[in-house]
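Enquirer: Chains A and B supply the protein sequences, listed in that same order.
Position 143 of the first sequence, counting from 1, maps to 143 under the UniProt record's numbering, and the rest follow consecutively.
Position 91 of the second sequence, counting from 1, maps to 91 under the UniProt record's numbering, and the rest follow consecutively.
Input: one structure, supplied below.
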Amino acid sequence: MPDVFAVPVFVIVFREAIETVIIVSVLLAFLKQTLAGPGRDDQVYKKLIKQVWMGVGLGLLICLVVAGGLIGTFYTVGHDAWQSSEYNYEGAFALVAVAIITPLGVGLLRIGKMQDKWRVKLAKSLEAPISTTGSKAGWLKRFAEKYAMFFLPFITVIREGVEAIVFIAGVTFSAPATAVPLPVVVGLAAGILVGYLLYKGGVTAKLQYFLVAATCLLYLVAAGLFSRAIWYLEQQKWNNIIGGDAAELGVGAGSYDISKSVWHVDCCSPEFNGGGGWSVFNAILGWTNSATYGSVISYNVYWIFVMGMFVVLRYKETKGHWPLLKAKKGHANSIDQASVEPKVS
Amino acid sequence: MAFKKSLLVASAAWLSAFSTLAEAVTVTYDFDVAWVTANPDGAFDRPTIGINGQWPIPQIICNVGDRVVIHVTNSLGNQSTSLHFHGLFQNGTTHMDGPPQVSQCDIPPGHKLTYDFTIDQPGTYWYHSHTRGQYPDGLRGPLIVHDPKAPFEGQYDEELVLSVSDWYHEQIHNLLPAFISKGNPTGAEPVPDNALFNDTQNLKVPVRPGKTYLVRMVNMGAFAGQYVWFEGHNMTIVEIDGVYTQPAVAERIYLTAAQRYSFLLTTKNETGANYAFAGSMDTTLFDAIPDDLNWNVTGWLVYDDTKPLPEPAVLESDDFEAFDDMDLIPFDNQTLLGEPDQVIQFDVIMDNLGDGANYAFFNNITYTPPKVPTLYTALTAGELANDATVYGEFTNTHVLQKDQIVQIVINNLDSGRHPFHLHGHQFQAIHRSPADEGTFDDTNATMTNFPKIPMRRDTVSLEPNGNVVLRFKADNPGVWIFHCHLEWHVASGLIATFVESPKQLQETIKLPQDHLDVCAAGHIPVSGNAAGNTVDLLDLNGQNRAPDPLPAGFTARGIIALVFSCICGILGVAVVAWYGLAPDPGTAGPALQANSSNDSDGQQGVLAAGDKTTGAPVQTVRTSASAAGR
């Protein structure tokens, strides 16, 4: 069995796949529900679907190239350039993902409320050329919005993919190479199956409920990601202090900085040896066996921020102005208006 | 041999005692311990602890029966110090043994202490600081006790003292804090920078042909065991750690830190070539081998100094087999001691404590020095001196009664090799397992098949994940520590304490005033239990403690954090759902329309309209989209 099926490889592939498919399937299901169907905007739908798949494909391509380069470096230079600062990369990628998911979630929820309006906006923002006039920040924002359907899967695939490939490469240094292909395929298949089920569930459910459920899931993932980003950055510092990879110490003493620890159990690690089921738990809920002040506080701060954000948005919705500000004349920069500035010539 | 002379004026007045007369004399040394600069490996000038302005420090040389008096002045300025005379029984003078907080107080800077004892045992010994991690900074040297009645007397022409050691470029007081810190969770010991013979490298030993030399070797290193061999010459071992042995021929010997071997080496009859001899540090002890480390040191038997000095042949690591000291038979044929009155088992483990640092443990206790030196507790505890409790929870103390046979079983649950040393005794090593044999099992006949005449010494090597069984007779009243002689592990707590015949100690030991004076200078209490409590000796409140263990899993803090995070997550999800399900007043018109109508952008108006009446406006947009698409 271990000769043909390396369990850690399966787990890591499955875990990385699941995070990607959650995002991709939520996006696809959302697009399907809002844009596809008779009397709807089929062309825009196809265009956006294409964006998503382009993001996935390009992300996959880039992560293959990057990981290939890293593995090549490992074999030629003799040390793993990725691993020496792996957690910094992971932390940065996770932060980027959080930055994308957070406003996206707001968008998804508002779509549920104003389905048709959003369909129009999506179409418009997609079709509108990116204006070169106006402020640079505005341009960047519009660009990001126009291609959000591309960037989210793109970033996610790169992050998860590179991680998975590097990890698999790491395992093959110790496990026989024959043990790798099967678990990779099975892990991907299992991940895709989960994604397909999510998608199927998504496209048949009542859109608003689906979107609320999907958004809740996304925010759970995002909170976990934010917490993990901080954890990664701290763990990288710890790795630097102890002059090596703390993962080599397993899950016991020394694998974490005691002075920053809030809890630590010598089991259930989402990192060690692929993490087993705990890594799935980690991907969805942000579980860690070794919580730090940074990771716990960031998790809670993120949720408090999200809650605050929605309370404020709701306030704006019902009162027509931001809290603490008087109802103001002129332009109010609420989220639903953000993507509609470009002029159609 | 690079050392700077006379940073301080040498006030030495040592009398050499090469007298072959059997009559005992008093050998007196004045040792002014102070920093000098040394560079024995030619690679790095470093502050080094010298004596009387010299480094290497002087050898202590005397005859059996001599009284040795050493007046130590601590002129280090920044560190306390002490001297221990490794291997000496100190019978009747346990307070002269040296370890601080065990049998004396540290000598603070600027203070003096006199060691005064009689040596009734022959052989090769050494002396070194026993103050926290200090001796690798240079304060270690050979101590040779000549014996006109040695069994090999008359079989050799000349005597050579040859020390071997490791050498660090960094000072111990810089290395130790990094070693015992959370940043070194695996307890990786600092790796030496070089190895030395006689405190130098490329040592040339002039020899004459056709002669026999008595070579007294001491490994006075801090950490590295050393393989030693002489190309083209055999060694005939005649003494280990002060115990004469039946002559045994060896090609290569292994000396752990603190072990000694004396052997006869007969030179060749011609002077046609010179021969290399080599010391090679046991790299299995090192967690990581730095790229630039040369773990070998070379010397030469120089028959003719006009001839070339050949490089020693390189050995593959598989070739590192050395003579097994368990095969040696003591010359006195002392037989196996009888069944033990006390069996003490020590399980050796390395683990991390609550401060994140890695410590060494005997039976889950990492040695933490008591507030009162253990000997002083034994002398002042009256009847309770027989109760191990008074010596503290973190000293691993066992009380031995007069003439008991004591068996020590050491199970190495660690993957490293450890040299164990017992103060005040030479023990019989009655069983030693190969590596990875696991723990000692006294029902296993192959393990309990003890030799009739066991090997004896004072420092024994224990194999990784193996075990060793030692026996000795408690015939030497005193406070003797038993510890790993890897200086790093001494600092990380691999020490146990034997209090032997406390009643006799109370009757015979009278502490000299200067010993009490250094305690006063260091504000160290000299009576009471380990906590310094003189009223209730069984009350250990205030004793020095090891750090607490690492918290196991979820503590209150962790549970609160986890529960709070869960609540936060659930609340968050609830808020998201609440927001997502709440109807948007904007779809009903007024709020959003107000916004839209205030917007100067014409497109906004189209969208706002679209909000209210789905259908036509969407159519409009689609048209424009299609148009743009084309």
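All C-beta atoms in this analysis are idealised placements derived from N, C-alpha and C, irrespective of residue type, glycine included.
(1) Apply the 10 Å Cβ neighbour rule to B/K182 and answer buried if 16 or more other Cβ atoms are within range, or exposed otherwise.
(2) Considering Cα atoms alone, identify which of B/W578, B/T114 and B/L486 is closest to B/Q226.
(3) With 8 angstroms as the threshold, decide whether the Cβ of residue 632 of chain B is near any Cβ in chain A.
(4) Quickly, what does DSSP pair B/M455 with across the bridge? List them, please.
(5) Using the C-alpha atoms, what's the distance from A/S295 back to B/I107?
(6) From which residue to which residue does the beta strand (DSSP E) around B/T37 run?
(7) In angstroms, rounded to a whole number, what distance separates the CA positions of B/A222 and B/Y135?
(8) Determine the chain A residues that contact B/S165 at a beta-carbon separation under 8 angstroms, and present them in chain order.
(9) Within this structure, are the beta carbons of B/A388 and B/V399 separated by less than 8 angstroms?
(10) Could you tell me which residues DSSP puts in a beta bridge with B/E316?
(11) Do A/T292 and A/V262 have their C-beta atoms closer together than 8 angstroms?
(12) Put residue 631 of chain B into one of helix, strand or coil per three-state DSSP.
(13) So which residues on chain B does A/C216 lean against when the C-beta distance must stay under 7 angstroms?
(14) From B/Y41 to B/S82, what does the alpha carbon distance come to, in whole angstroms?
(15) Measuring alpha carbon to alpha carbon, tell me which residue in B/E170, B/D403 and B/E159 is nearest B/D475.
(16) Give a yes or no on whether 8 angstroms exceeds the smallest Cβ distance from B/P370 to chain A.
(17) Tell me, which residues are paired with B/H483 by DSSP?
(18) May I ask which residues mark the beginning and end of the beta strand (DSSP E) holding B/R208?
(19) B/D436 lies in the alpha helix (DSSP H); which residues open and close that run?
(20) Thinking just about the alpha-carbon of each residue, which of B/G187, B/S103, B/M447 and B/F420 is nearest to the one in B/F286?
(21) So B/Y127 and B/H86 are supposed to be a Cβ contact under 8 angstroms. How far apart are they, rounded?
(22) Along chain B, which residues have their Cβ under 7 angstroms away from the Cβ of A/M307?
(23) What residue from A/V106, A/G277, A/W322 and A/K260 has the CA that sits closest to B/G558's CA?
(24) Can you check whether the C-beta of B/D351 is within less than 8 angstroms of a C-beta belonging to chain A?
(25) Any Cβ of chain B within less than 8 angstroms of the Cβ of A/I284?
(26) In whole angstroms, what separates the C-alpha of B/P549 from that of B/N352?
(27) Can you give the beta carbon distance from B/V460 to B/A429, rounded, assuming they're within the 8 angstroms contact cut?
(28) Counting pairs of Cβ atoms below 8 angstroms between the segment 189-207 of chain A and the segment 92-108 of chain A, do you hit three or more?
(29) Roughly how many whole angstroms lie between the Cα atoms of A/R15 and B/V576?
(30) Put B/F286 into one of helix, strand or coil per three-state DSSP.
(31) If I measure Cβ to Cβ from B/F323 and keep anything under 6 angstroms in the same chain, skipping five residues before and after, which residues do I get?
(32) Between the C-alpha atoms of A/V184 and A/Q43, what's the straight-line distance to the nearest angstrom?
(33) Applying the criterion that 16 or more other CB atoms from any shown protein chain within 10 Å of the CB defines a buried residue, is B/T446 buried or exposed?
(34) If you run the structure through DSSP and keep just helix, strand and coil, what is residue 632 of chain B?
(35) What does the alpha-carbon distance come out to for the pair B/N396 and B/P142?
(36) Name the residues in the segment 23-37 of chain B whose C-beta lies less than 7 angstroms from a C-beta of chain A; which are they?
Expert: Short version:
(1) By the neighbour-count rule (16 or more Cβ atoms within 10 Å), B/K182 is buried.
(2) Out of B/W578, B/T114 and B/L486, B/L486 has the C-alpha closest to the C-alpha of B/Q226.
(3) Nothing in the structure corresponds to residue 632 of chain B, since chain B is present only between 1 and 630.
(4) Per DSSP, the beta bridge partners of B/M455 are B/A429.
(5) Going from the Cα of B/I107 to the Cα of A/S295 covers about 48 angstroms.
(6) Here the beta strand (DSSP E) through B/T37 covers T26 to A38.
(7) So the alpha carbons of these two residues sit roughly 7 angstroms apart.
(8) What B/S165 touches in chain A: nothing, since even the nearest Cβ is about 26 angstroms away.
(9) Result yes, Cβ atoms of B/A388 and B/V399 sit closer than 8 angstroms.
(10) DSSP, once it has assigned bridges, lists no residue as partnering B/E316.
(11) With respect to the 8 angstroms criterion, A/T292 and A/V262 are classified as neighbours on the basis of their beta carbons.
(12) Nothing about residue 631 of chain B can be read from this structure; chain B reaches only from 1 to 630.
(13) What A/C216 touches in chain B: V573, V576 and A577.
(14) This sequence places Asp at residue 41 of chain B; Tyr is not what is there. One Cα belongs to B/D41, the other to B/S82, and the distance between them is close to 26 angstroms.
(15) Cα-wise, what sits closest to B/D475 is B/D403.
(16) Not an interface residue.
(17) Under the DSSP definition of a beta bridge, B/H483 partners with B/H421 and B/I495.
(18) Here B/R208 belongs to no beta strand (DSSP E), and DSSP marks it neither H nor E.
(19) Secondary structure note for B/D436: it is in no alpha helix (DSSP H), with a DSSP letter that is neither H nor E.
(20) With distances taken between Cα atoms, B/F286 lies closest to B/G187.
(21) 6 angstroms between Cβ atoms; contact.
(22) Within chain B, the residues placing a beta-carbon under 7 angstroms from that of A/M307 are L571, G572 and V575, ordered along the chain.
(23) For the residues A/V106, A/G277, A/W322 and A/K260, the minimum Cα distance to B/G558 belongs to A/K260.
(24) Between B/D351 and chain A, the shortest Cβ-Cβ separation is below 8 angstroms.
(25) For A/I284, not one C-beta of chain B is nearer than 8 angstroms to its own C-beta.
(26) If you draw a straight line from the Cα of B/P549 to the Cα of B/N352, it comes to about 7 angstroms.
(27) Indeed, because the Cβ distance is near 5 angstroms, the residues count as touching under 8 angstroms.
(28) No, the segment 189-207 of chain A is not in contact with the segment 92-108 of chain A.
(29) Taking the straight line joining both Cα atoms gives about 25 angstroms.
(30) Under the three-state reduction of DSSP, B/F286 is assigned to coil, being neither helix nor strand.
(31) The answer, listed in chain order, is A250 and I253.
(32) CA-to-CA, the gap between A/V184 and A/Q43 works out to about 35 angstroms.
(33) Exposed, by the Cβ-count rule.
(34) In the structure as shown, chain B starts at 1 and stops at 630, and residue 632 of chain B therefore has no counterpart that could be examined.
(35) When rounded, the distance between both Cα atoms is 30 angstroms.
(36) Cβ contacts with chain A come from no residue of the segment 23-37 of chain B.
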